[in-house]
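Taking it in order: structure first as structure tokens, then the write-up.
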Amino acid sequence: MAVGIGIVGVGQVSDYHHFPGIDLDPRAKLVGVCDTNPDLLARKASDWGVEFLTHNPIELIQNPDVDAIIVATPNFTHLEICLEAAKNGKHVMCEKPLALSAEEVRQMYHAARDNDTIHMTAFTYRFAPSMLYMKHLLKKGDLGEPRHFRSQRFLDLPETSWGWRQYKKLAGAGDLFDMTIHRIDFAIDLLGPIKSVSGSVAQFSKRDKREDGESCEPSEVDDWSALIGEFDCGAVGVWEGTTVAKGYKLKGFGHEWAEINGSEGSAVYRMHDPNHLLFGKPGGDLEPIVVPDEFLKPKDSPRDPKNGEPGTVFRYDLVWEFVSAIVDKRKANPCFYDGLRAQIVADAVLESQQKRAWIDIPDEPL
Ligand SMILES: NC(=O)c1ccc[n+]([C@@H]2O[C@H](COP(=O)([O-])OP(=O)(O)OC[C@H]3O[C@@H](n4cnc5c(N)ncnc54)[C@H](O)[C@@H]3O)[C@@H](O)[C@H]2O)c1
18 MAVGIGIVGV GQVSDYHHFP GIDLDPRAKL VGVCDTNPDL LARKASDWGV
68 EFLTHNPIEL IQNPDVDAII VATPNFTHLE ICLEAAKNGK HVMCEKPLAL
118 SAEEVRQMYH AARDNDTIHM TAFTYRFAPS MLYMKHLLKK GDLGEPRHFR
168 SQRFLDLPET SWGWRQYKKL AGAGDLFDMT IHRIDFAIDL LGPIKSVSGS
218 VAQFSKRDKR EDGESCEPSE VDDWSALIGE FDCGAVGVWE GTTVAKGYKL
268 KGFGHEWAEI NGSEGSAVYR MHDPNHLLFG KPGGDLEPIV VPDEFLKPKD
318 SPRDPKNGEP GTVFRYDLVW EFVSAIVDKR KANPCFYDGL RAQIVADAVL
368 ESQQKRAWID IPDEPL
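18 is the number of the first residue of the sequence shown in this note's numbering; add one for each residue after it.
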């Protein structure tokens, strides 16, 4: 029997990642949708051919046809929806950042863990083929001992309102929670726990006008975030993210560069060209290498990696992983614990900025 999925929040990310992922997966069926915007809800329900519509997440969660939900609403709503899902024994994939602070995320993780539901954090870039291949080469020893990690995420976004994303009580933080948190997560996935960070955030754009020219409350959040960090394994890392880097449109994908320099080689993932990895050997130059077929999509997934824009289509593999974890009765990867570890580091960046100090990252029990 198909896994019945309900989507809470039918906005941009559901349209871009989650619906296409469900549509591709013969083991999954979209059985209901929920959104507080009635016009959008009706439109998406019709586009996606789904009959059960509600404005109330609890009604969707309690629908007996719903086995699992995908939470794709603004950050401040995630905690309550995920606690309700755990209470009702429903599996959850929740968007990042999982919530507004590590304390909230810890509640979500403990509720899902203690109710034996499958929980997943939608850390998209873990699924990029070149990211998977870089991890494989690192673990195989082809890079030698990892020394430096480097991440750049530069976007050239319009300086108009970001909507809910620009208010602290709705979003938590700006670029740091929206963009850099993904890069903190995949750094931990590649290199293991981060033990200490020094970070900073800044705001350059007021964003006090909407696209139509109407005034709005100015942004309260950062549009630039950066950290340096030390990993338990002895490597060091540097991360920088911005949404106001002019000249970095790159066909809408922006600039993304994530790199490991090891004692035997360097490898670079770039999101806009995820089917190639740059690889450099001692004394040589970085050269593109083709990512082997086995890393282009999850094993057994019916997705044809030759179809669609490579920078977009790997995002559909999030749903494949979530449904696979449910069908196979195993943990999803990345899970809420991963979302918590990344959130602890992101919170430490804000604390570091406030105290003008390095912050040690405590161990977090599983
Ligand atoms: N993983 C990724 O790469 C990625 C990419 C984009 C966004 N996101 C995350 O996805 C989430 C949603 O972002 P988005 O860009 O789709 O935002 P969006 O504003 O386009 O969509 C959010 C939708 O949620 C609805 N909504 C708000 N409160 C609700 C509630 N209480 N119950 C039901 N519906 C509600 C809104 O009406 C809207 O349609 C955020 O947490 C964001 O950080 C992740």
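Ideal Cβ positions, reconstructed from N, Cα and C, are used throughout, including at glycine.
Because the structure is a prediction, the values reported are computed rather than measured.
For residue i, count the other beta carbons within 10 Å of its own beta carbon; 16 or more makes it buried, fewer makes it exposed. Which is it?
| i | result |
| --- | --- |
| R60 | exposed |
| V67 | buried |
| G106 | exposed |
| S369 | buried |
| E311 | exposed |
| A102 | buried |
| R358 | buried |
Tell whether a beta-carbon distance below 9 Å holds between residue i and residue j.
| i | j | result |
| --- | --- | --- |
| E276 | A284 | yes |
| G158 | A85 | no |
| P37 | L187 | no |
| V27 | C51 | yes |
| W337 | L41 | yes |
| M137 | A342 | yes |
| I378 | I211 | yes |
| V238 | L174 | no |
| P114 | G189 | yes |
| R164 | S280 | yes |
| D302 | D202 | no |
| T259 | D364 | no |
Between the C-alpha atoms of residue i and residue j, what's the straight-line distance to the nearest angstrom?
| i | j | result |
| --- | --- | --- |
| Y265 | L172 | 6 Å |
| K223 | E231 | 14 Å |
| A129 | Q360 | 17 Å |
| M18 | P43 | 10 Å |
| I78 | A89 | 14 Å |
| N132 | K348 | 13 Å |
| P309 | L207 | 19 Å |
| H153 | T94 | 36 Å |
| E176 | S168 | 23 Å |
| P327 | D290 | 7 Å |
| R227 | R123 | 35 Å |
| D240 | L155 | 32 Å |
| L47 | H35 | 10 Å |
| D317 | S242 | 38 Å |
| A145 | P322 | 11 Å |
| V253 | E121 | 28 Å |
| L70 | I198 | 32 Å |
| D32 | V214 | 35 Å |
| F353 | D229 | 38 Å |
| N324 | V330 | 8 Å |
Since residue i sits in a beta bridge, which residues does DSSP pair it with?
| i | result |
| --- | --- |
| F171 | T259, H272 |
| H286 | Correcting the residue type first, residue 286 is Tyr in the shown sequence and not His. Bridge partners of Y286: A275. |
| L244 | G216, W256 |
| E304 | F296 |
| K384 | Outside the modelled stretch of the chain, which goes from 18 to 383, sits residue 384, for which no answer is possible. |
| P382 | Paired residues: none, contrary to the question. |
| T71 | C51 |
| A87 | It should be pointed out that residue 87 corresponds to Ile in this sequence rather than to Ala. DSSP, once it has assigned bridges, lists I24, M110 as partnering I87. |
| I205 | Looking at the DSSP assignment, I205 forms no beta bridge with any residue, so it has no partner. |
Kindly indicate the opening and closing residues of the alpha helix (DSSP H) around residue i.
| i | result |
| --- | --- |
| T329 | 327-330 |
| K61 | 55-65 |
| P146 | 146-157 |
| Q17 | Here the chain covers residues 18 to 383 and nothing more, so residue 17 does not appear. |
Which residue comes first and which comes last in the beta strand (DSSP E) that contains residue i?
| i | result |
| --- | --- |
| V340 | Unbroken run through V340 is the alpha helix (DSSP H), 334-345; no beta strand (DSSP E). |
| C111 | 108-111 |
| S217 | 211-219 |
| K46 | 45-51 |
| I24 | 20-25 |
| H136 | 136-138 |
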